[in-house]
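Chains X and Y, in that order, are what the protein sequence lines are.
For the first sequence, position 4 matches number 4 in our numbering, and the numbering has no gaps at all.
For the second sequence, position 97 matches number 199 in our numbering, and the numbering has no gaps at all.
Heads up, the beta-carbon is just placed ideally off N, CA and C, and yes, glycines get one too.
Model, not experiment: these values are computed from the prediction.
Have a look at the structure below, then the notes.
There are 2 protein chains.
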Amino acid sequence: MLEALADGTRRAIFELLAEGPRSVVDIAAAVPISRPAVSQHLRVLKQVHLVGVRPEGTRRIYSVDPRGVAAARAYFDRFWTDNLAAFAREAERTRPQREDDR
Amino acid sequence: MLEALADGTRRAIFELLAEGPRSVVDIAAAVPISRPAVSQHLRVLKQVHLVGVRPEGTRRIYSVDPRGVAAARAYFDRFWTDNLAAFAREAERTRPQREDDR
DNA sequence: GGTACTCGTAAGTGACAACTTACCGTTCGT
DNA sequence: ACGAACGGTAAGTTGTCACTTACGAGTACC
């Protein structure tokens, strides 16, 4: 699931679909890669339930699947317990090196 | 940020640190890779503020950095607006092919 | 029915990233 | 001060994955 959104192009496609459902050619037009590459990305996104398909004539309309987003939210919520919030304050106290990057 | 958690080994390290701060050797003992590899993973996790370091004698204690988790939650919350929830109901109506996987 | 779209899949290539071993600096204990 | 433990970095190798071109299948329009 997280692996699916690791790729930048795939994130771009996903965020584009978040703005509204689109066909494959429309997506390919908005992204600097070939149309088959878009299809491959959509397959990955579909496998993890981040997008869904709805056939419409000869075209296939892709849209965001709430299930994937819900799963992602659930995962990160596991690390956002009150326990962690308390730890955040404690971490701020002991200063775990805010050397920021590098 | 999402790229950092894309790797399974890195997720294992991160989830291990979520249980409590640990030193590098402790982490390496709990994961089937060499200690230098752990260091490299920790560097990546630190760059995106998913973990933080606190020197303690000759050892370096790593722990979860709330900033990274907060950023991840913020990202997925962008796709979990009421707008999307409404879209979820609409999607359930038009049935975007619940063919599930493959 | 033929033509023009749509889109998915197959096969092949190139780049990146996750791992290894080897090495060096730093800090604690004696 | 010396030895040992800890851990970060360098260099090199290998597998994986994102992309391309080529092809085939399905649907709509005339």
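Going by C-alpha positions, Asp-65/X is about 22 Å away from Val-171/Y. Along the segment 28-61 of chain X, the positions whose C-beta sits under 7 Å from a C-beta of chain Y are Gln-47, Gly-52, Val-53 and Arg-54, read in chain order. The closest CA to that of Leu-118/Y, considering only Gln-149/Y, Ile-163/Y and Met-103/Y, is found on Ile-163/Y. Shortest Cα-Cα distance from Thr-183/Y to any of Arg-11/X, Ala-18/X and Arg-10/X involves Ala-18/X.
A residue is called buried once 16 or more other Cβ atoms fall within 10 Å of its Cβ, and Ser-136/Y, having fewer, is exposed. As the crow flies, the alpha-carbon of Val-24/X is around 21 Å from that of Ala-6/X. Beta-bridge annotation (DSSP): Arg-54/X is paired with Ile-61/X. Neighbours of Val-69/X in chain Y, taken as residues at a C-beta separation under 8 Å, are given in chain order as Phe-178, Phe-181, Trp-182 and Leu-186. Only residues of its own chain outside the window of five on either side were considered, and among them Ile-115, Val-126, Ile-129, Ala-130 and Val-133 have a CB closer than 8 Å to the CB of Val-140/Y, listed in chain order. Per the DSSP secondary-structure output, Ser-125/Y pairs in a beta bridge with Ile-163/Y. Classified as exposed, Gly-57/X has fewer than 16 neighbouring CB atoms from the shown chains inside 10 Å of its CB. Cβ-Cβ distances below 8 Å link Pro-138/Y to nothing in the same chain once the five nearest sequence neighbours on each side are left out. The beta carbon of Ala-108/Y falls within 9 Å of a beta carbon belonging to chain X, placing the residue at that interface. Rounded to the nearest whole angstrom, the C-alpha separation of Gln-40/X and Gln-142/Y is 30 Å.
Residue state for Val-48/X is assigned as coil, using DSSP reduced to three classes.
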